[in-house]
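Report on the structure given below.
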Amino acid sequence: MAMSPSTKQKIAIVLDVSKTIFHWGFIPAILFLGFRKGADPGMPPLSIINLLWQ
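So for the sequence shown, the UniProt record's numbering puts the first residue at 1; every next one is plus one.
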């Protein structure tokens with residue numbers, strides 16, 4: 001089953017946009033999940049300053 005050139009182009013655009021979103025959003029998403037969970041018992045509290053300073 002052959003795809004038309006316009007369909008191939010649209011799929012390529014969607015894949016490029018998805019790749020860009022993943023590249024720019026992965027680390028912020030991981031940081032968000034970590035800050036939302038909070039620090040483990042007995043550890044210092046999490047803050048942006050602690051993240052940037054160490």
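Ideal Cβ placement from N, Cα and C applies to all residues, glycine included.
Every value quoted in this text rests on a predicted model; they were computed, and no experiment measured them.
What three-state label does DSSP hand Leu46 in the structure shown?
coil
Three-state class that DSSP yields for Ala39 in the structure shown
coil
Where does Ala29 sit, in a helix, a strand or coil, going by DSSP? helix
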